[in-house]
Amino acid sequence: MYSDKDIKIAGDKPSLDVKKNMESRQVVSGLDKAMVKKAREWGKAVALKFIEDAKKTADEEDTYYEMLIQRRMLLSFTATVGFEQLSPDDSLSGIAQKSFLDTIRETDSSLYQTSADTGAFSFYYLAFRRGNEIDRRVGQTFAMLCSHDGDPIYQELGEALYCWFLSAVKKAAEDCGII
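Residue numbers for the sequence shown follow our numbering, so the first one is 594 and each next one is one higher.
Spelled out as structure tokens, the structure:
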């Protein structure tokens, strides 16, 4: 049974989080089914681009396995932050992210296992949340995770991958009518 201490009474002006959650539930509950459909298409389109890149790079002889895994992690992270940045609503971002992951899992379960959120995401989020020179910091993080900390070639590669895939996420958002 609940005590009076467990009951909280909201004032006339709910917090911004409560308002945002209410708006998010309205989107998902069907008030804007067209945007929900677009978000799913967006996530799927980004996943297909991700899968295409994974297949292409897996065939390259000069790429070693650890870098392939880190590349996948970086691109998966980039998709995640792209959904968060470009989505007009948190719920739509979550729907796009779920569609992205579901598409990868349905297409190639082993690819999904090597690209899901792991400890690498924490390092990328630290670089991302600093707020300045994000692409450079993400590149440095990529180099570190590839065991080439401070190597300018790996840093530039990570930076280029981040910028390239973020632009692919944005293009897919535009193509799907999200932005």
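Quick reminder that beta carbons are idealized off the backbone N, C-alpha and C, glycines included.
This structure is a prediction, so every number in the text was calculated from the model and none was measured.
- The beta carbon of Lys642 sits closer than 6 Å to those of Ala761, all from its chain and outside the five residues before and after it, given in chain order.
- In the three-state reduction of the DSSP assignment, Arg730 falls in the helix class, which pools H, G and I.
- Tyr657 sits in coil when the DSSP states are folded into three classes, being neither helix nor strand.
- Scanning Met660, Phe676, Lys649 for the CA closest to the CA of Arg633 turns up Phe676.
- For Asp683, the uninterrupted alpha helix (DSSP H) run begins and ends at 683 to 700, by DSSP.
- In this structure, the straight-line span from the alpha carbon of Ala627 to that of Ile771 is close to 10 Å.
- Residues of the same chain with a CB within less than 8 Å of the CB of Leu704, apart from the 5 flanking positions on each side, are Ile644, Ala647, Arg665, Ile697 in chain order.
- Ile644 sits in a helix when the DSSP states are folded into three classes.
- The beta-carbon separation of Tyr717 and Leu667, rounded to 7 Å, stays under the 8 Å limit for a contact.
- Ranked by Cα distance from Asp625, the first of Tyr755, Ser715, Ser684, Lys763 is Ser684.
- Judged by beta-carbon spacing, Gln690 lies beyond the 8 Å limit of Gly751, meaning their Cβ atoms are not closer than that value.
- The DSSP-derived three-state label of Asp742 is coil.
- With 16 or more other Cβ atoms from the protein chains shown falling within 10 Å of its own Cβ, Ala640 counts as buried.
- Boundaries of the alpha helix (DSSP H) around Arg722: 712 to 722.
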